[in-house]
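Numbering (this note's numbering), first residue to last: 858 to 1060. The C-beta atom is built at its ideal place from N, Cα and C for all residues, glycine as well.
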Amino acid sequence: MNYDAQYEVKGLKYKELKGLSAKQISFHHDVHYAGYVKKRNEIHTKLKTVDKTQANANFSDFRSLKKEETFNASGQILHELYFDMLGGDGSFSNDMNIIKKINEDFGSFDNFKQELFAVAKAARGWAVLCIDPTDNKLRVFLADLHNDGAVWGAMPIIALDVYEHAFYVDYGPDKAKYLEPFFSNLDWKAIEARYNKFKSVYA
Ligand SMILES: [Fe+2]
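Right under this line is the structure:
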């Protein structure tokens, strides 16, 4: 049954990054991200035996588990994307498909970066570059929580975490200072591979 699924915490290919310390990354990965995976597993276990006959929209154990399932599942998915797309040196070539698509849909790479950073400053949780299935355009969506702000069917390509836990060790309350280090560590080869994997589905 699908609630039998139990997930492993994915390892990291790096310990620290330029402008993001080992302590910052360790807290973020080993405590916060791992916490979502563990809680998702715990929720799966409880969903196997919870009394569904008591399901109720005002309050019920089943409702609580299903609500928190989306929070922790989305927390797992977005964090795996966040960590997977870091570890590069920020360099890319203009003939990459993802760069061509960014230039096409945002008008220029600088416009894209400006939009990503603006959404990051405005968000309480995430700025997520997605392929929007409505018209196959790239857009940056804003999420205040892992499970609040997702657009159905949109495929996330880059997830920029702006929860305080993502930057507070290194930058305290200065969220804006964390954005350039994040961007300069992007692994555009991994981003290109992810975009290529999904672009044919959305084209
Ligand atoms: Fe996070």
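Would you kindly work out how many angstroms separate the C-alpha atoms of residue i and residue j, rounded to a whole number?
{"i": "Cys987", "j": "Val997", "result": "6 Å"}
{"i": "Lys924", "j": "Gly892", "result": "16 Å"}
{"i": "Ser931", "j": "Leu1002", "result": "9 Å"}
{"i": "Glu873", "j": "Gly1029", "result": "18 Å"}
{"i": "Pro990", "j": "Asp962", "result": "14 Å"}
{"i": "Glu1049", "j": "Glu899", "result": "34 Å"}
{"i": "Phe919", "j": "Asn1004", "result": "18 Å"}
{"i": "Val907", "j": "Asn913", "result": "13 Å"}
Please state whether DSSP places residue i in a helix, a strand or coil.
{"i": "Ala1050", "result": "helix"}
{"i": "Asp908", "result": "coil"}
{"i": "Leu935", "result": "helix"}
{"i": "Val1058", "result": "helix"}
{"i": "Ala879", "result": "helix"}
{"i": "Trp983", "result": "strand"}
{"i": "Ala1007", "result": "coil"}
{"i": "Lys994", "result": "strand"}
{"i": "Asp1027", "result": "helix"}
Alpha carbons only, please: which of the options is nearest the one belonging to residue i?
{"i": "Tyr890", "options": "Leu938, Glu1049, Asp946", "result": "Leu938"}
{"i": "Asp946", "options": "Asp1044, Phe1024, Gly964, Glu899", "result": "Asp1044"}
{"i": "Ala1033", "options": "Gly876, Ala912, Lys1054", "result": "Gly876"}
{"i": "Tyr1035", "options": "Ala1000, Ala975, Tyr1052, Lys1046", "result": "Ala975"}
{"i": "Phe1040", "options": "Gln911, Phe949, Asn913, Arg920", "result": "Phe949"}
Just confirm the distance between the C-beta atoms of residue i and residue j, as a whole number of angstroms; I'd bet it's less than 8 Å.
{"i": "His901", "j": "Tyr860", "result": "5 Å"}
{"i": "Ile882", "j": "Met942", "result": "Between Met942 and Ile882 the Cβ distance is about 14 Å, and since that is not below 8 Å, they are no contact."}
{"i": "Ile959", "j": "Leu995", "result": "6 Å"}
{"i": "Trp983", "j": "Val1019", "result": "7 Å"}
{"i": "Val894", "j": "Gln933", "result": "5 Å"}
{"i": "Asn929", "j": "Arg897", "result": "4 Å"}
Length-filtered (4 minimum) alpha helix (DSSP H) runs lying within the region 951-978: Within the region 951-978, the complete alpha helix (DSSP H) runs of at least 4 residues are 954-963.
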